[in-house]
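First the structure, in the form of structure tokens, and then the observations on it.
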Amino acid sequence: MTIEKTFSIVKPDAVKRNLIGAIYQRFENAGLKIVASKMVHLDATKAQGFYAEHEEKPFFNELVEFMTSGPVMVQVLEGENAIYSYRELMGKTNPEDAACGTIRSDFALSMRYNSVHGSDSPESAAREIAYFFTEDEICPRD
Ligand code: IDP
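Numbering-wise (UniProt numbering), the sequence shown opens with residue 1 and increments by one.
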């Protein structure tokens with residue numbers, strides 16, 4: 001059994017539609033514990049740094065514009081194989097391809113406005129958690 005931490009964002013489209021509680025419920029129902037959480041309104045520099053790997057992509061500027069368009073919830077989730085299991089819970093990037101019952105299938109509006117982010121590897125999880133949280137903001141849970 002590998003207990004991991006992963007990084008998650010409830011994106012502006014979901015916060016605007018008052019879906020924070022519904023999405024947090026999905027995390028908890030799936031056995032993922034919230035061990036850190038806060039609301040932030042990203043500025044362009046913070047969003048560009050977060051998505052630096054996509055800098056050359058045609059959708060980069062619109063992605064940054066979207067991610068700075070309103071507050072987001074950022075959280076650290078902990079659980080067994082949390083990185084993979086949260087990616088499965090989110091569903092594919094494009095909600096049209098996301099499996100039934102996934103967060104993106106149920107809540108996302110489009111490929112861009114897709115409601116949630118989740119780390120895709122242990123390296124990304126470590127980088128992304130540290131990008132938003134200090135060690136002492138992460139609370140150990142039983
Ligand atoms: P992921 O969030 O499923 O890991 P990535 O490929 O890392 O997907 O893309 C990051 C984010 O950029 C997506 O979640 C989505 O909001 C946005 N995005 C990705 N591809 C496109 C696209 O082709 N058009 C518009 N937005 C996109």
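The C-beta atom is built at its ideal place from N, Cα and C for all residues, glycine as well.
Strand pairing of residue i, partner residues [DSSP]
i	result
T6	L77
V72	V40
K33	E78
Contacting residues, own chain, Cβ-Cβ under 7 Å from residue i (five flanking each side not counted)
i	result
F27	I34 and L77
V40	P71, V72 and V74
K16	G70
Residue i burial status per 10 Å Cβ neighbour count (16 or more: buried)
i	result
M1	exposed
I23	buried
I83	buried
P140	exposed
D13	buried
K5	buried
L109	exposed
P58	exposed
Selected residue, minimal CA-CA separation from residue i, among the options
i	options	result
A130	Y84, K92, P95 and Q75	Q75
S105	S8, E123, T6 and M90	M90
D136	E88, A36 and R127	A36
Q25	T102, E128 and T134	T102
S8	S119, E53 and K46	S119
N18	F107, S124, N29 and F133	F107
I3	P95, T45, M111 and S85	S85
N81	T134, S121 and D43	S121
R87	L32, E53 and G21	L32
M111	P95, S124 and C100	P95
Collapsed DSSP secondary structure at residue i in the structure displayed
i	result
M111	coil
K38	strand
G118	strand
K46	helix
K16	helix
Contact set for residue i: own chain, Cβ-Cβ below 8 Å, skip 5 residues either direction
i	result
Y51	F60, L63, V64 and M67
K11	F66, M67, V72, Y113, N114, S115, V116 and H117
E55	Q48
Cut-off 6 Å between Cβ atoms - residues of its own chain near residue i, not counting five sequence neighbours on either side
i	result
K92	A98
H48	For clarity, residue 48 is Gln in the given sequence; the question names His instead. Excluding residues within five positions, the ones whose Cβ falls inside 6 Å are V64.
L42	M67 and T68
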